[in-house]
Amino acid sequence: MSASVTVRVPAKVNVQLAVGAARPDGFHDLANVFLAVGLYDEVTVTASPDGPRVTCDGPDADQVPLDRTNLAARAAEALAARHGRTPDVHLHIAKDIPVAGGMAGGSADGAGALLACDALWGTNASREELLDICAELGSDVPFSLVGGAALGTGRGEKLRVLDVGGTFHWVFAMADRGLSTPAVFREFDRLGEGTDIPEPVASQPLLDALAKGDADALAAAVSNDLQPAALSLFPELADTLAAGRAAGALTALVSGSGPTTAFLVRDPEAAVKVTEALRTSGTCRSVRTASGPARGATVVRGGGEFGE
Numbered sequence: 045m046s047a048s049v050t051v052r053v054p055a056k057v058n059v060q061l062a063v064g065a066a067r068p069d070g071f072h073d074l075a076n077v078f079l080a081v082g083l084y085d086e087v088t089v090t091a092s093p094d095g096p097r098v099t100c101d102g103p104d105a106d107q108v109p110l111d112r113t114n115l116a117a118r119a120a121e122a123l124a125a126r127h128g129r130t131p132d133v134h135l136h137i138a139k140d141i142p143v144a145g146g147m148a149g150g151s152a153d154g155a156g157a158l159l160a161c162d163a164l165w166g167t168n169a170s171r172e173e174l175l176d177i178c179a180e181l182g183s184d185v186p187f188s189l190v191g192g193a194a195l196g197t198g199r200g201e202k203l204r205v206l207d208v209g210g211t212f213h214w215v216f217a218m219a220d221r222g223l224s225t226p227a228v229f230r231e232f233d234r235l236g237e238g239t240d241i242p243e244p245v246a247s248q249p250l251l252d253a254l255a256k257g258d259a260d261a262l263a264a265a266v267s268n269d270l271q272p273a274a275l276s277l278f279p280e281l282a283d284t285l286a287a288g289r290a291a292g293a294l295t296a297l298v299s300g301s302g303p304t305t306a307f308l309v310r311d312p313e314a315a316v317k318v319t320e321a322l323r324t325s326g327t328c329r330s331v332r333t334a335s336g337p338a339r340g341a342t343v344v345r346g347g348g349e350f351g352e
């Protein structure tokens, strides 16, 4: 058992987000095609008598809750409860995934903390147990643990791992304010009121494009049913999307519930061109590049790897 364990966990982009009508429990059935990309948070857990205690540094760290509403703290408490112990840990989050950006940064921290606590405490939880706890924590948390590419159904927590035949290159533009995921879903419901919302189904052309590693085919197939709601609440995002398209992106979309916008490009050279255009466009706060698929939550210091 190590005195400290650090887990690296990736961001995600939704290359398809098909959203069904609101269910009686308030959630929505989804067909959610996740792709993990190489922007990472690191979660370090250390034994502490006054835990769970959360600290955070990095971009926009001041926006991260440090109380027990943080998914990292909730993950530690959930694993501890299942194994009859106290969640006596200090959880430090080194933040690099955008906060409130639609890239599952909070979910990543929850998955990272869960894997790190399992390694620190030597609880030896099975893959199934870890994924079950992740699903309890939130819809995107299981994918943060698994990484790669996957189709999420139900509310997104039921995963089927997908084949990916190549590397996809992305540019991400960060907005100057956040968007609340519940608010975006409420706006989706408002915009769809009185209409027949179809059952969400994964796009076969999109799944084929991922499997072949075909960026052009993927660009033609991406979709996000939450994009109209995000644009309704944050109309300026349309200018960011237009700036990236004009610079040569193969496609542009809001990432998840936003407000981060995602631009699929053909290669690293195109990523440089789109990045520079967005940086000088005046339509976003900052710009990052990343490629995917990326590995899911991985112990990088103090223990083994998920799945070993």
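In this text, residue positions in the sequence shown follow the working numbering: the first is 45, and each later residue adds one. Glycine included, each C-beta is placed from N, C-alpha and C at the ideal position.
Inter-residue CB distance, residue i and residue j (contact presumed, cutoff 8 Å)
i           : j           : result
residue 265 : residue 285 : That pair is no contact at about 17 Å.
residue 156 : residue 51  : 4 Å
residue 73  : residue 141 : That belief does not hold up - the Cβ atoms of residue 73 and residue 141 are roughly 26 Å apart, past 8 Å.
residue 334 : residue 81  : 4 Å
residue 182 : residue 210 : Not quite, the Cβ-Cβ distance comes to about 30 Å (not below 8 Å), so this is no contact.
residue 302 : residue 281 : 7 Å
Inter-residue Cα distance where the pair is residue i and residue j
i           : j           : result
residue 324 : residue 125 : 50 Å
residue 207 : residue 188 : 17 Å
residue 134 : residue 271 : 37 Å
residue 291 : residue 176 : 42 Å
residue 79  : residue 328 : 23 Å
residue 58  : residue 144 : 15 Å
residue 275 : residue 130 : 44 Å
residue 348 : residue 340 : The predicted model places residue 348 with a pLDDT of 46, which falls under 50 and marks its position as unreliable, so this point remains unresolved.
residue 344 : residue 49  : 8 Å
residue 91  : residue 150 : 22 Å
residue 185 : residue 114 : 13 Å
residue 241 : residue 220 : 32 Å
residue 68  : residue 179 : 19 Å
residue 223 : residue 257 : 31 Å
residue 75  : residue 195 : 7 Å
residue 164 : residue 93  : 14 Å
residue 202 : residue 172 : 12 Å
Opposing strand residues paired with residue i [DSSP bridges]
i           : result
residue 214 : 308, 334
residue 137 : 87, 100
residue 62  : 75
residue 54  : 84
residue 49  : 89
residue 339 : 191
residue 296 : 307
residue 267 : 60
residue 203 : 196
residue 345 : 50
Sequence-distant residues of the same chain with beta carbon closer than 8 Å to residue i, five excluded per side
i           : result
residue 288 : 215, 217, 296, 305, 307, 318, 321, 322
residue 162 : 123, 168, 169, 174
residue 331 : 215, 216, 217, 218, 319, 322, 323
residue 120 : 89, 95, 96, 131, 133, 135, 157, 158, 161
Residues near residue i by beta carbon distance below 6 Å, same chain, minus five either side
i           : result
residue 55  : 81, 83, 141, 147
residue 283 : 327
residue 117 : 96, 98
residue 243 : 64
Proximal residues to residue i (C-beta, below 7 Å), its chain only, five neighbours per side dropped
i           : result
residue 294 : 259, 260, 263, 308, 309, 310
residue 277 : 223, 227, 228, 231
residue 245 : 62, 75
Can you find at least 3 beta carbon pairs, one from the stretch 96-108 and one from the stretch 226-233, that sit closer than 8 Å? Not touching, per the Cβ criterion.
When the Cβ atoms of the stretch 60-72 are set against those of the stretch 269-283, are three or more pairs found closer than 8 Å? Yes: the two stretches touch, three or more of their Cβ pairs being nearer than 8 Å.
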